[in-house]
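> Quick one: the structure is below, questions incoming.
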Amino acid sequence: MTKKEKLQKIWKALVDSPRSKKIQKVLQRVIIVALIGIIVYQLFLIGWKEVLRSLPTEPLFYILFLVLYVTLPTAETFIYRQVWPISKAKLFKTALIKKIYNDEIVGYSGEFFLFMWARKHLDKPG
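444 is the number of the first residue of the sequence shown in the working numbering; add one for each residue after it.
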């Protein structure tokens, strides 16, 4: 067995262990809470009155924003539905999360998320 194969075996055992899965879940939640905390802190620095005053008052803005925001995930749902045997709802949720990662976290992190999601949900033995 080569060094690479040994490392792959150790890594797989580590990642697949129940303890590792718990740590992954905790880290995911910690990252989400930290991001929300940073956003709330920055909003406190700006001031809530200033934030509320600067929001658009035209309802059409929010309708157009929602339509524009879900256009890409909707298109990706129809595209991926052609090649992947996954429900539309699950694909839409995944495409929406991908968009959030790309837009709000780091560019192209959504592509990595989609890759990992696809590996988990589409890998079949053999």
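Virtual Cβ for every residue (Gly too), placed ideally from N, Cα, C.
To the nearest whole angstrom, what separates the beta carbons of Lys541 and Leu557, a pair I think is in contact under 8 Å?
Yes, Lys541 and Leu557 are in contact; Cβ-Cβ is about 5 Å, under 8 Å.
> Can you give the beta carbon distance from Thr517 to Phe535, rounded, assuming they're within the 8 Å contact cut?
7 Å between Cβ atoms; contact.
> My parser needs the alpha helix (DSSP H) runs of 4 or more residues fully inside the stretch 459-498; what are they?
Listed in chain order, they are 461-489 and 491-497.
> Could you pull the start and end residues of the alpha helix (DSSP H) that Tyr512 belongs to?
Its alpha helix (DSSP H) spans residues Pro502 to Val526.
> State the DSSP-derived secondary structure class of Gly550, mapped to helix, strand or coil.
If DSSP states are grouped into helix, strand and coil, Gly550 belongs with coil.
> Helix, strand or coil for Ile529 per DSSP?
Note: Ile529 maps to coil in three-state DSSP.
> What did DSSP end up calling Met570 once you bin it into helix, strand or coil?
Any property of residue 570 remains undetermined from this structure, which presents the chain solely from 444 to 569.
> Quick test of your reading: Glu554 and Ala538, contact by CB under 8 Å. State the CB separation rounded to the nearest angstrom.
Not a contact, Cβ separation roughly 12 Å.
> Would you mind stating whether Val494 and Leu486 have Cβ atoms separated by less than 9 Å?
Contact: yes.
> Considering only the beta carbon of each residue, do Ile548 and Leu488 sit closer than 9 Å?
Contact: no.
> If you draw a straight line from the alpha carbon of Tyr551 to that of Ile543, how long is it in whole angstroms?
Going from the Cα of Tyr551 to the Cα of Ile543 covers about 10 Å.
> Whole angstroms is fine: what's the gap from Asp459's alpha carbon to Ile453's?
Distance between the alpha carbons of Asp459 and Ile453: 10 Å.
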